[in-house]
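Below: the structure, in structure tokens.
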Amino acid sequence: MMSESGEGVGLSFGDRLARRIQRVGNPVCVGIDPRPERLPRAILRDLPDTAEARAVACERYARGILDAVADLVPIVKFQSACFEALGPAGPAALDRAARYAAQQGVLTIFDGKRNDIGPTAEAYALAYLDSDAWRFDAMTVNPYLGSDGVTPFLKAAQRHGKGLFVLARTSNPSAAEFQELQVACVSPNDAQAMPLYQRVAQAIVAWNQPSAAASYSGYGLLGAVVGATSPAQLAQLRSQMPGVWFLVPGYGAQGGTARDVAGGFDPHGLGAIVNSSRGVGYAYEQDDASPKADWTELVRDAVLAMIADLESAGIRIARTT
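Residue 176 in our numbering sits at position 176 of the sequence shown; the count goes up by one each step and never skips.
Shown next, in the form of structure tokens:
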């Protein structure tokens, strides 16, 4: 059986992502973060200034990006907040854009960083992973309520071959305020203190181990969000987290370079996807003098430049059919 994205639904998310990366030959994740005030003039032209019209414009923007990059990248990430900010019409636009991505053969991440326990966590998991209400391949989850806040998502992902990216070491400047706090032992047999993000990493590895062991790629359904702005920690976590996909934000606009993200990959070029949102999605803002009239051509050029930049740092993936 095949999914809308053209991948076997019987495969785990980890295997589907590996297969898609090998098919296109790169680990680029394009973030789709529409902000009405920054959309191309061609999209906004002739639209009234209403909430519903702004939602239509953001959907057109998402579809334009997908048309430009669907044959180039393995996966895209939708920032839910950008759609929710549009009011009730925003989530409907997000739903249509995500379904369009699946039709284009691109894997999708719902970036909402959901976090709760009990029936509420189960409801979030039902919505984004366990029903036809939303059609995403993976979602981001905040683990700081402990295993109670992750288990409902994990169970739903297991049932349907979906994926989770759990926040571990994020790319924002203040992340160290909490994530690098030294944490004492969590059991009588563990007397070593270590940064909190490493404790989270240990938990992710344990949660992921059964699905990683059952996969052909060696990667399970759980991933970790690990920022490009801390390259030494990224490389350290790669060695500590076998079988865990990394979603790496911070490349480009936040200052992360191709060399910074190189430590997130295994020797075969797998193990990580590198996200760029502003650097790709708003590439047309950076090149007003370009002779290209279509803003989507500049978005495509930005992805091609990113692929080349990653390859220059030694991140190369052999294509498969």
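Where a beta carbon is used, it is the ideal one built from N, C-alpha and C, also for glycine.
Whole-angstrom distance between residue j and residue i, CA atom to CA atom
i	j	result
E177	R278	25 Å
M1	L11	The predicted position of M1 is uncertain, since its pLDDT is 31 and thus under 50; a value taken from the coordinates is nonetheless stated next. M1 and L11: Cα-Cα distance of roughly 10 Å.
F246	T320	21 Å
R99	L145	31 Å
A262	A235	8 Å
Y197	D301	36 Å
T229	Y251	8 Å
R60	I43	7 Å
A68	Y282	13 Å
P231	T50	43 Å
K162	G223	11 Å
V336	N115	Residue 336 is absent from the structure shown; the chain starts at 1 and stops at 321.
S5	G112	Residue placement at S5 is flagged as unreliable, the pLDDT there being 48, under the threshold of 50; a coordinate-derived value is accordingly withheld.
F83	V303	23 Å
D95	P40	21 Å
S174	L167	14 Å
P267	A123	39 Å
E311	P48	43 Å
P210	L237	19 Å
L154	Q179	22 Å
N208	A305	33 Å
V183	G271	27 Å
A70	D294	17 Å
Rounded Cβ spacing between residue i and residue j (contact assumed at less than 8 Å)
i	j	result
P91	C58	Incorrect: roughly 11 Å between the Cβ atoms, too far for contact.
R135	A89	No, R135 and A89 are not in contact; Cβ-Cβ is about 18 Å, not under 8 Å.
V28	I307	6 Å
A258	I315	7 Å
Check whether residue i and residue j have beta carbons under 8 Å apart
i	j	result
M139	A201	no
I75	I273	yes
A212	G255	no
P143	A203	yes
G14	G264	no
A127	A121	no
A97	F78	yes
V24	L86	no
V299	N275	no
A55	A93	yes
T296	G227	no
R38	E285	yes
V30	V280	yes
Residue i (DSSP reduced to helix, strand or coil)
i	result
F136	coil
N208	helix
M1	In this prediction, M1 scores a pLDDT of 31, lower than 50, which makes its location untrustworthy; no coordinate-derived value is stated.
V280	helix
M194	strand
T120	helix
G223	strand
F153	helix
R63	helix
I317	coil
Y100	helix
A214	coil
G87	coil
R54	helix
Q182	strand
T170	coil
L47	coil
G6	Any reading at G6 must be qualified, since the residue scores a pLDDT of 46, below 50, and its modelled position is unreliable; the value itself is stated next. Correct three-state label for G6: coil.
A272	strand
G14	helix
D95	helix
Y251	strand
Exposed unless 16 or more other CB atoms sit within 10 angstroms - verdict on residue i
i	result
G118	exposed
L181	exposed
A157	buried
R45	exposed
N216	Position check: residue 216 holds Tyr in this sequence, whereas Asn was assumed. Answer is exposed; the Cβ neighbour count stays below 16.
N172	exposed
S131	exposed
Q192	exposed
G269	buried
R159	exposed
Y206	The amino acid at residue 206 is misidentified as Tyr; the sequence shows Ala. Its Cβ having fewer than 16 others within 10 Å, A206 is exposed.
Q22	buried
R63	buried
D137	buried
G8	Because G8 sits at a pLDDT of 48, beneath the cut-off of 50, its placement in the model cannot be relied upon, and the following sentence gives the value as read from the coordinates. Per the 10 Å Cβ criterion, exposed.
R16	buried
A318	exposed
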